[in-house]
Every structure is written in C-alpha cells, then in structure tokens.
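>
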C-alpha cells in the first residue's frame, strides 16, 4: 500500500525488494572504468545478429533472463514485465517480450524508462498485484544514432556538448518476499519540464532542469537532505548536464556536489571520444543493474536515489521546430528496509 | 490491494471508480453512427493548428482536460497521468503532459494503450498511491498514415483488409472515492502473441489472436462466461478481425457472438470508404470515453469487458522482414462495485 508524502512522492508500506538484477554492455562500455561490473558483454556492435536492432533486442532479453535466472525463477513465475527502449514503437522490448512470454506493460520514457519501470513495478508489488515483477530497458549506439540523429555511414562529426548513446541494457527483479536486499522505498514521479532547449546535441542541458525539479521535490516531500543518501545517481546527464544540475540545485539552496554521481559521466570516464559522456536508457540501466546494486549488496552503499532523466522529443517534433521537453523519475533504494 | 486470480488477471479489492470521462473526434467520426456521443469534434484535420501532429496533441490535451473539468477538479488535483499514442516517441502525450503539468507515466502499447493505461491507473488508485489518476490516449488518421504507411500525398489505394486510423482521443478519470459510478473491477494483462502475420494492411488478423488469448484467459481466471458481460468490447479489430476473434474463440469452446462489439467496426458503420473499419488507440478510447461509459451511466449497460489490442511492429521491423507481434489488455468495468 502506498503512503502519499506530497504531490509527486509516495512511500511504499512494504518496500519491494530487488531480488536480483543484471546488466549487459557493448565493447566501448566493457573497455571503460566500470567494464568488470557488467554481467554480459560483447565485442562488436551486432553480437552475432544480422542487424543492430536484433542485437539490441537480444541485450534486452538477456538482461531480463539473467535477472530471472539469478533468482532461480523462470519467466512464467513473473507476473509482469515493465519495459521500454528508445526505438520507434519500442521494438526492442516488444519483440523481447514476445520471446519471454511474460504479461507486458510497454513504456516510453526515453532515457527515464529504467526509473519509470521501477516505480510502476514497485507499485504493482507493494499493491499486492504481483509477487514478482521485472523491469528493464536497453539502448544501442547504432540504432539510436540512425533513428534520432544521422546514419553512422554519414560520419557526422560530434559537437562538444554531444553524448554517446550507451550500448547496454539492465534489468531488475522486484519481489514482495521479505529479506536482506536493496529495497525500493520511495518513488517520485516527474512532470514534463521544458526550458526551451532545442539543440538535439545538448541533451544534458535539456534534461538537467527536470532532474533538478524531481530531486528537489523528492527531498522536500521526504524531508531528507542530500546527505541522507550515499549517492544521488542520475542516469545520463553527462558532464555538462551534471554541472548544470549542481548549479540549479545550488541556486535552490541544496548542495548536491558531495553525493551526486552520473552514470553517463562514469561509464566512459577518461574516454575523450565520448565527449560529455554516455546517454540512452541503457546507460543508467546497465550501471544500476550492475555496478550500483553490486555496491549495495556488498555493503559499500546503503542508500541511493536513482534518478533517470528522459528527453521526450522526436525527430518529427524537432523538424517541426519544437523544443525538447524532459522528464525525470526517481526511485529511492535502501538496504535494511525490506525485511 | 490486488487479489491475484491467475497468471494474467487481478481483482481490485476496492474497485477504482470512473468519476468522469471524455472523448474527442474528427469529422469522419462525427459524421458516423456514434457521432453524437463525442464530447468535442472538429471539422477539418487540423483543428486550427499548423500540423496534424499539433492537432493530435490538442485532442489528447482536450480529452484529459475535459475529463478533469467534468469532475470539478483541476490538473494539480491529479496524482498521475498515464498516456501514450502511436507517434514516434509518443509526442502527442508527452507534449500534452508538458502543458497539463501532471506527473506523467508515458506508455506505448500501440492501440492497446487505453486498456494499458486503465490497468496501471487502477493499480495505482487501488494500491493507495493516488486518489485521482487520469488515463488517456489519442490517434490521428493523417499522423498515423505518414508514420506507419505512406504520406497521404501519395494517394496510395487501400487494400480490402485495411482499416482507417481513427482521428480521436479519450480520457478516463479514476478515483479511490466511493460512489455509484462505473468501476474497474478486474485487469487482465496480455502477453505478446505473434501468429506470423506480416501484412501491415491486415492489422485485424494480426491482433485477433492476442484478443482471443486475453479474453479466454480473463474468462477462465475469473470463472465467468461470456454472457456475464453485457458487452465484450474490442478496441479496433475491425470487421475482418472481429470475425476471426469469434472463430478462434469458438474453436476454444467459447461463443462470443452474442456479446461481442468492436469499436473499429462500430465507429464507421455504413461507411464503405473505411474498408474493415477503424483502428488506432483513439478508436477504442473515444468510444469508451464517450458512448460506452455514457451507456453505463445511463443504466443501459451494467457490465462490460473493455479489450484493447495493439500491434507492436514498427516500419523498421517490417522493412527488416519481421512479422507483427500483438498484445491485448482487458479491463472489466462494472456498475454497483465501487460503493
């Protein structure tokens, strides 16, 4: 059962536990600073498939299957699959759901999808609708480039504020069973924010205001300070978007600099080709499903706020002169709350 | 709180009431047999806007706003907006959500989105996460044609099995407040089904197996016969898909012919230009938000099962030689259960 704390935040009465998780990543991500934290990796862009789209679908499916196997469960034990991705008509998730055979809720939250799926899954589990629910998302550099920007074959140079879509996927398996696991304790659902940015090579700037609003609402409604959390983790603001988040939060009287981490800045740490860092739903999802949840299980992190941000534009809306609306959802994940 | 009846169906402990609803439609729909049941209609494809996409966004927004106004509420009284549409990156819903300012869950279930949003909204309300949640979706003939098939300017002729995307939108406002309203009592969430259809001009055939599976699962898990319902209403199978549904259900020993209605077959009744009838998320949404819920409020229908079906392909997946995976979600709506 939910307890409403304010206009955007609810608290879970019996925080759903994260029984298991999984992460999948491509070669650039594997070669990065967090390469060892991914469960499955592959060395080309196709992973043995004929198209990039098939490779992305495989990543989504493998992430979900791995999370389910790790919990010693089978797909037909799972009540619901919550998933989405960046591709038109979310074909990665939809086609993977066909193979998995789990009742499926298709989502589109752009790069906010991992947090969106976690929130909806946690509501179903805490509401008594599911004993097990799996939440996942994926992105792929090559499928995203040709859909949102230019075909790779054009060789278009990158602008300094651009980010690199992460080839990666992540999945999280939630349960109503009690035990010593990371548990989803609170959910803050974002509003769509638009500060007038219209540069599709500057997603960080478009999404930072949404992240700021969601984090500030979360802190206010839960009456917590930033330091309550060991880490406030944004999905893919990148280095430029992260600076903007820190500044906007500072202007509102909250200093996030000591606890803020950004998966997009981390995943390509030290790789200048990635410009401002990683982006895409798979960025936050693979870092959460791998590194961050491993850190929690290992006792090195106890309380995190996972904030995934999404840019809700399309190539059509951009061509029609629209700015980039953005959204951020946040899920608090804490140890010791799911017993 | 949810009570799980089987692998796909849950029962709501305190069935969320439909406090109000609204429907919007274009000219062809207004001129049809159910024209008077739509709350707002317009006479060209643009509704005073510069692009078809802007007209669709306006339909989505007006449907949601009208449902909220009818309940004498304001957007900031609403905890969550659940919405999606057929356009890439669901720009109709996403941009409308920016104007509405309600915490937003973006969905993609193709034409199944109205039932998907109802289920997720009802779970949030019954789970204690929201006092009010609004669920909506839209589609537009001109935006869908140029995205999924051919630009209108090409003048491509229609095949006999083709359907006409409905220009329409619908919204439903759910509440935990008790009273004499239509109430969402059960939700059956679909799996992705694929019978190998690859003709994008034969959506009815692609979606009928998904509708059949979801309806049969629902009846089995609730231990109800088809006649329990005054109407089992599919969203947009059209005439050909409806025949197929009746046949497939008959083969499985269930006779749906006395109670089955299809919004796609109804909305263009008697209009030969529409071939097999209407399709699109806005088809089921505008008929539910208008005609069917009006019939319930007027006492002419007491128990309905609303089943929306979606085809989860994309132009890319079709060009890459994939078949059309489909999904159907069902929500039971009954009078006298929300007191």
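Residue numbers (this note's numbering), protein chains in the order written: chain G, 1 to 339; chain R, 1 to 339. Note that beta-carbon positions come from the ideal geometry of N, C-alpha and C, so glycine has one too. Just so we're clear, the structure is a prediction, and the values are computed from it rather than from any experiment.
Spell out a yes or no on whether the region 162 to 175 of chain R and the region 8 to 27 of chain R are touching, meaning 3 or more CB-CB pairs, one atom from each, closer than 8 Å.
Yes, the region 162 to 175 of chain R is in contact with the region 8 to 27 of chain R.
> Considering only their Cβ atoms, is the gap separating residue 272(R) from residue 126(R) smaller than 8 Å?
Contact: no.
> Excluding the 5 residues preceding and the 5 following residue 323(R) in the sequence, name in chain order all residues of the same chain whose CB lies nearer than 7 Å to its CB.
For residue 323(R), where only same-chain residues beyond five positions count, the Cβ hits under 7 Å are 194, 196, 197, 198.
> Closer than 9 Å, Cβ to Cβ, to anything on chain G: give me those residues from the region 187 to 219 of chain R, in chain order.
Residues passing the 9 Å Cβ filter: 187, 188, 189, 190, 191, 192, 193, 194.
> What separation, rounded to the nearest whole angstrom, lies between the Cα atoms of residue 191(R) and residue 321(G)?
Answer to the nearest angstrom: the Cα atoms are 38 Å apart.
> So, does the CB of residue 279(R) fall closer than 8 Å to a CB anywhere in chain G?
Not one chain G Cβ lies under 8 Å of residue 279(R).
> In the region 96 to 178 of chain R, which residue ranges form an unbroken beta strand (DSSP E) of at least 3 residues, counting only runs that do not cross its ends?
As far as the region 96 to 178 of chain R is concerned, its whole beta strand (DSSP E) runs of at least 3 residues are 104 to 106, 132 to 139, 168 to 175.
> What residues of chain G sit near residue 317(R), judged by a beta carbon separation below 8 Å?
Correct list: 53, 89, 91, 95.
> Mind reading off the beta-carbon distance from residue 9(G) to residue 200(G)? Whole number of angstroms is fine, and I expect it under 8 Å.
Wrong, their Cβ atoms sit about 31 Å apart, outside the cutoff.
> Closest Cβ-Cβ distance between residue 126(G) and chain R: below 8 Å?
Yes, because at least one Cβ of chain R sits closer than 8 Å to the Cβ of residue 126(G).
> Run down chain R in chain order and give the residues with a C-beta less than 8 Å from the C-beta of residue 104(G).
What residue 104(G) touches in chain R: 189, 190, 191, 192, 327.
> What does DSSP give as the partner residue(s) for residue 82(G) in the beta ladder?
Answer is 105(G), 135(G).
> Got a sec, what are the start and stop residues for the beta strand (DSSP E) residue 4(G) sits in?
It spans 2 to 4 - the beta strand (DSSP E) in which residue 4(G) sits, taken as one unbroken run.
> Per DSSP, which one or two residues make a beta bridge with residue 326(G)?
BP columns for residue 326(G) point to 193(G), 311(G).
> Need the endpoints of the beta strand (DSSP E) that residue 184(G) sits in, please.
That run of the beta strand (DSSP E) goes 183 to 188.
> Our contact map puts residue 181(R) next to residue 130(R) with C-beta atoms below 8 Å; I'd like the distance itself, whole angstroms only.
The pair is not a contact, with the Cβ atoms about 16 Å apart (cut-off 8 Å).
> Within the 8 Å Cβ cut-off, does residue 145(G) reach chain R?
With 8 Å as the cut-off, residue 145(G) does not count as an interface residue toward chain R.
> Pull up the CB-CB distance for residue 185(R) and residue 332(R), whole angstroms please, since I reckon it's below 8 Å.
Indeed they touch by this definition, with Cβ atoms about 5 Å apart.
> Starting from residue 61(R), trace the alpha helix (DSSP H) both ways and give me its first and last residue.
It spans 52 to 70 - the alpha helix (DSSP H) in which residue 61(R) sits, taken as one unbroken run.
> If you measure from the beta carbon of residue 332(R) to each beta carbon in chain G, is any gap under 8 Å?
Not an interface residue.
> Rounded to the nearest angstrom, what separates residue 310(G) and residue 164(G) at their Cα positions?
Looking at the two C-alpha atoms, the distance is approximately 15 Å.
> Please return the same chain residues whose Cβ sits closer than 6 Å to the Cβ of residue 297(G), not counting the five positions on each side in sequence.
Around residue 297(G): no qualifying Cβ.
> Which residue marks the beginning of the beta strand (DSSP E) containing residue 250(R), and which one marks its end?
Where residue 250(R) is concerned, there is no enclosing beta strand (DSSP E), although the alpha helix (DSSP H) it sits in stretches over 238 to 251.
> Could you name the residues that DSSP lists as bridge partners for residue 285(G)?
The partner list for residue 285(G) (beta bridge, DSSP) is empty, contrary to what the question assumes.
> If the cut-off is 9 Å on Cβ atoms, which residues from the region 109 to 126 of chain R count as contacting chain G, listed in chain order?
Of all residues in the region 109 to 126 of chain R, 109, 110, 112, 113, 116, 119, 120, 123, 124, 126 have a Cβ within less than 9 Å of some Cβ in chain G.
> Pick out whichever of 208(G), 135(G), 152(G) has its Cα sitting closest to the Cα of residue 406(G).
Absent from the structure is residue 406(G), since the part of chain G shown begins at 1 and ends at 339.
> Relative to the C-alpha of residue 214(G), which candidate in 238(G), 252(G), 179(G) has its C-alpha closest?
The option with the nearest alpha carbon to residue 214(G) is 252(G).
> Buried or exposed for residue 300(G), please, with buried defined as at least 16 other CB atoms from any protein chain shown within 10 angstroms of its CB.
Per the 10 Å Cβ criterion, exposed.
> Check this for me: beta carbons of residue 102(G) and residue 53(G), under 8 Å apart or not?
It is not a contact, given that the beta carbons lie outside the stated cut-off.
> What residues are listed by DSSP as bridge partners for residue 234(G)?
Residue 234(G) is bridged to 262(G), 307(G).
> My output table needs one value for residue 290(R): the three-state DSSP class, helix, strand or coil.
Here residue 290(R) sits in helix by DSSP.
> Distance, Cα to Cα, residue 115(G) vs residue 189(G)?
If I take the Cα positions, the gap works out to 9 Å.
> So who's on the other strand from residue 17(R), going by DSSP bridges?
Partner(s): 175(R), 183(R).
> Under 7 Å Cβ-Cβ, which residues of chain G neighbour residue 84(R)?
Residues of chain G passing the Cβ test: 108.
> Is residue 296(G) close to chain R, meaning its C-beta is less than 8 Å from at least one C-beta of that chain?
Output row for residue 296(G): interface = no.
> Please tell me whether residue 228(G) has its Cβ less than 8 Å away from any Cβ of chain R.
Taking Cβ atoms only, chain R never reaches closer than 8 Å to residue 228(G), which makes this a no.
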